[in-house]
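Residues 1 to 131 in full-length UniProt numbering are what the sequence shown lists, from first letter to last. From the three backbone atoms N, C-alpha and C, an ideal C-beta is built for every residue, glycine too. Contents: one structure, followed by commentary.
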Amino acid sequence: MSKRGLGTNPFKTNSVASIFSPTEHLSVDVKDATSISLASIQLPAQQPRRYFDVQKLQQLAESIKVHGILEPLLVRPIAGNQYELVAGERRYRAAKEVGLQEVPVVIRELSDLQAVELALIENLQREDLNP
C-alpha cells in the first residue's frame with residue numbers, strides 16, 4: 001500500500017498552501033543569502049510554532065557549532081536597519097544560544113499577510129510541528 005501525501009485525497013484541495021494566495025514568486029533561493037547581525041532581527045508577533053523542544057534546540061545548537069547554519073533564515077525589512085523573522089526561529093534561537101553575531105538570511109519584501117502565509121506554510125510542511 002502506498003503512502004498518501006498532501007493532495008492525494010480527491011475530495012480535498014491540492015495542498016494546504018493552495019488555500020493561500022500564490023506565493024511562487026516568494027520562493028527562497030540560498031544563492032540570494034547574505035549575512036546580517038543577529039541583533040538586527042526581531043521575532044514576529046505571530047508565530048505558528050508555540051512550543052520549542054529544549055533538547056532538540058540544544059541538538060541544533062550543537063550542530064550549528066560544528067557545521068554552521070545550513071539554511072538561511074527568511075526575514076523582511078522593517079524600520080531602520082531592522083528585520084522581522086519570517087521563517088527559521090529554531091535556527092535563530094540556536095544561533096543565539098551558541099553566541100553567533102551574524103546569521104545567513106534571505107531578505108524579502110513581504111506584506112504582513114505574505115509573511116504569515118510563508119510562516120504557516122513552512123511550519124505546516126514540518127513533520128514534527130507541535131501545538
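Contact under 8 angstroms by Cβ, residue i with residue j
i: residue 73; j: residue 87; result: yes
i: residue 98; j: residue 85; result: no
i: residue 60; j: residue 102; result: no
i: residue 107; j: residue 91; result: no
i: residue 120; j: residue 89; result: no
Nearest-angstrom beta carbon gap, residue j and residue i [assumed within contact, 8 angstroms]
i: residue 109; j: residue 77; result: 7 angstroms
i: residue 40; j: residue 83; result: 6 angstroms
Whole-angstrom distance between residue j and residue i, CA atom to CA atom
i: residue 21; j: residue 115; result: Confidence at residue 21 is low in this model, with a pLDDT of 46, below 50, so its placement is unreliable and the value that follows should be read with caution. Roughly 12 angstroms separates the two Cα atoms.
i: residue 111; j: residue 45; result: 14 angstroms
i: residue 56; j: residue 79; result: 33 angstroms
i: residue 54; j: residue 65; result: 16 angstroms
i: residue 63; j: residue 81; result: 29 angstroms
i: residue 104; j: residue 67; result: 13 angstroms
i: residue 58; j: residue 71; result: 17 angstroms
i: residue 113; j: residue 122; result: 14 angstroms
Exposure of residue i, with buried meaning 16 or more beta-carbon neighbours within 10 Å
i: residue 124; result: exposed
i: residue 100; result: buried
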